[in-house]
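In our numbering, the protein residues as written are 10 to 477. The C-beta atom is built at its ideal place from N, Cα and C for all residues, glycine as well. Treat the numbers as computed from the prediction; the structure is a model and nothing was measured. Step one of this worksheet: look at the structure below.
Structure follows, in structure tokens:
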């Protein structure tokens with residue numbers, strides 16, 4: 010056990026990438042201990058990637074890349090300006106609302122930071138906001154990407170913990186709304202402190218147009234439901250409502266109706282049993298292609314090829330992390346390391362609220378050093394048995410884990426959002442870190458609420474019949 014853990018930590022200190030460190034440490038343990046055939050290394054790594062839910066990984070990544078080139082990000086930004094640009098600290102509020110909408114399409118914090126973040130930071134700097142404030146609010150809002158469905162970390166956690174991915178998607182909705190409220194309140198406090206006004210003049214017509222788009226999207230499920238009450242089959246009712254929506258969008262040229270429809274299509278399709286969460290990722294890609302090639306006609310073969318190659322590159326790195334973490338986690342279990350760690354934690358406390366506090370501290374610490382996917386793959390075998398013994402809902406714990414790891418994305422030394430935004434804003438990592446620190450307050454407030462009020466997470470899945 011100590012050979013495995015010591016090798017991993019030593020290789021990490023030498024600066025090796027986390028996936029390489031896990032694979033190499035696993036090989037060292039197998040060769041030194043002699044308790045496991047060396048062929049197991051290849052077998053377990055391959056087995057780690059042979060999972061149907063993992064098919065969602067490349068498709069959600071591709072959907073996010075396609076949305077970035079489909080001209081959707083600019084439309085989302087214009088919609089957010091119309092909706093909240095008139096508020097105090099206007100573009101800060103726009104930044105957050107834009108991330109809420111974009112998170113319903115991408116599923117990753119990196120896509121949000123690299124996609125909308127580029128537009129948002131430039132616009133905020135042009136309107137006189139400091140680079141530090143622009144980077145801070147963009148970093149905080151990017152964490153919404155994996156909380157509001159769809160979500161790539163939820164797919165990995167669901168696979169590892171044997172939890173319904175559809176239920177995890179629904180569980181993220183209310184925490185996502187709570188995070189949004191806390192972040193918007195933080196912008197309002199900054200605006201009052203610095204006496205900022207709105208960045209756009211208040212205009213009833215502009216606000217009304219944005220509100221109409223929200224109403225149009227909400228009318229889609231209402232119209233489908235009314236048709237089913239009139240005796241129309243569910244499939245036909247949804248098809249007719251969707252055709253009417255597409256016709257209205259084509260005629261009125263709405264800014265963000267099609268983008269706002271993305272999470273509704275994905276969650277609605279899963280709820281109705283049309284597709285599994287993995288197949289929902291394919292639906293997200295098809296919807297992105299429809300918007301880019303048919304509706305907005307903004308995609309070219311060159312941009313499509315680039316998005317595909319970017320997806321291949323990102324998917325390869327993610328799956329390499331998953332395969333390396335798979336053998337590492339298996340060896341932790343086979344060597345009884347996971348059981349020893351679980352027993353040590355249970356020996357310290359058997360109170361589930363104290364355990365959740367300790368788990369938060371552990372996951373936050375791990376998230377500062379290890380990639381999100383690798384952290385989930387390593388920590389779930391160690392912590393899930395304790396979660397089940399203490400009577401904590403694994404659905405609730407999944408939200409707690411992912412939210413902790415999203416905060417870890419903002420921290421040095423390995424916070425990926427931190428490095429992406431430092432590059433986008435042309436700031437040093439040190440200045441970017443200092444810019445992000447004040448924004449940890451609303452994120453920690455949301456984390457405490459989600460951790461100690463489980464109903465925030467569990468109410469919606471239970472209401473939809475997917476929770477325990």
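Beta-carbon proximity list for residue 60, same chain, < 6 Å, skipping 5 on both sides:
168
Tell me whether the beta-carbon of residue 137 lies closer than 8 Å to the beta-carbon of residue 335.
no
Could you tell me the alpha carbon to alpha carbon distance between residue 394 and residue 311, rounded to whole angstroms?
48 Å
Among the residues of its own chain, which have a CB less than 8 Å from the CB of residue 358, if the five just before and after it don't count?
364, 367
Return yes when the Cβ of residue 377 is within less than 8 Å of the Cβ of residue 407, no when it is not.
no
Cβ-Cβ distance between residue 409 and residue 68 below 8 Å:
no
Alpha helix (DSSP H) runs contained entirely in the segment 55 to 83, provided each spans 4 or more residues
65 to 78
My assumption, with CB atoms under 8 Å, is that residue 289 sits in contact with residue 279. Please give the rounded CB distance.
6 Å
For residue 16, which of 37, 307, 127, 26 has the nearest alpha-carbon?
37
Could you work out which residue in 258, 254, 268 is closest to residue 73 when comparing CA atoms only?
268
What residue range is occupied by the uninterrupted alpha helix (DSSP H) comprising residue 362?
361 to 376
Count the CB pairs spanning the segment 381 to 391 and the segment 169 to 188 that are closer than 8 Å, and state whether there are at least three.
yes
DSSP three-state label for residue 339, please.
helix
Considering only the beta carbon of each residue, do residue 330 and residue 51 sit closer than 8 Å?
no
Mind checking residue 445: buried by the 16 CB within 10 Å criterion, or exposed?
buried
Tell me whether residue 2 is buried or exposed, calling it buried when 16 or more other Cβ atoms sit within 10 Å of its Cβ.
Nothing about residue 2 can be reported from this structure: the residues present for the chain run from 10 to 477 only.
What's the C-alpha gap between residue 112 and residue 130?
17 Å
Quick check: the segment 170 to 189 against the segment 202 to 218, are at least 3 beta-carbon pairs closer than 8 Å?
no
Cα-Cα separation between residue 282 and residue 173, rounded to whole angstroms:
13 Å
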